Amino acid sequence: MVEENVKNTSYRFVLEPAISDDGSYHSWELLTKDIIAPAQNTTSASTFSFSTLTERDKLALFIRQIELLSVFDFARVDNKPISLNIDDLLSHFILTDRYLCDFLRSCKHIALEI
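In full-length UniProt numbering, the protein residues as written are 1 to 114.
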């Protein structure tokens with residue numbers, strides 16, 4: 001788990017396993033959890049959905065996920081792929097950023113889920 005605090009919003013990234021019928025892990029998913037706005041009391045505040053974030057915040061979180069995975073030791077997850085959920089905003093962002101597009105193509109352990 002990696003905890004972040006960006007622009008007064010706290011959140012953490014969590015790796016969740018995808019489990020095969022035989023019980024083995026076949027891949028992992030990098031999820032953003034517990035997004036808490038600063039005005040809320042963090043001891044009792046409910047979290048809000050990723051869909052409530054602004055486009056700018058969604059892009060910032062996605063970039064941070066990519067930064068984390070770019071230095072991640074995939075041996076820690078048995079070299080299994082780690083997937084990221086993306087929507088139309090993020091897919092457009094990827095396709096219009098040549099560097100990011102080339103980087104993601106070269107990463108055999110990063111999968112994108114639309």
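Each residue gets a CB set at the ideal place from its N, CA and C atoms; glycine is no exception. Everything numeric in this text was worked out from a predicted model, so none of it was measured.
L95 counts as exposed, since fewer than 16 other C-beta atoms from the protein chains shown sit within 10 angstroms of its C-beta. Sequence-distant Cβ neighbours of K80 in its own chain, meaning closer than 7 Å and more than five residues away, are Y25, H26, S27 and W28. Here the C-alpha atom of K33 lies approximately 6 Å from the C-alpha atom of F13. DSSP places T52 within a helical segment (H, G or I) once states are collapsed to three. In the structure shown, V77 adopts helical secondary structure according to DSSP, grouped into three states. Approximately 7 Å separates the beta-carbon atoms of V77 and L15; this is inside 8 Å, confirming the contact.
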